[in-house]
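Trainee: Before I ask anything, let me first share the structure, which is written out below as structure tokens.
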Amino acid sequence: ELKLTYNRTRQAAITKEILEIVAGAEALKSA
Numbered sequence: 415e416l417k418l419t420y421n422r423t424r425q426a427a428i429t430k431e432i433l434e435i436v437a438g439a440e441a442l443k444s445a
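Per the working numbering, the very first residue in the sequence shown carries number 415; after that it's consecutive.
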């Protein structure tokens with residue numbers, strides 16, 4: 415149960431990082 419929660423939290427953090435990287439790349443492209 416704890417491991418499942420940990421994995422979900424970790425997955426959310428990874429997803430957030432990827433979204434921030436993509437957003438940064440898009441901002442650079444349109445600048």
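Note that CB positions come from ideal geometry on N, CA and C, so glycine has one too.
Can you tell me where the alpha helix (DSSP H) with Glu434 in it begins and where it stops?
Mentor: 416 to 444
Trainee: Taking the straight line between their C-alpha atoms, what separation do you get for Glu431 and Gln425?
Mentor: 10 Å
Trainee: Could you pull out every residue in the same chain whose Cβ sits closer than 8 Å to the Cβ of Glu440, ignoring the five residues on either side in sequence?
Mentor: none
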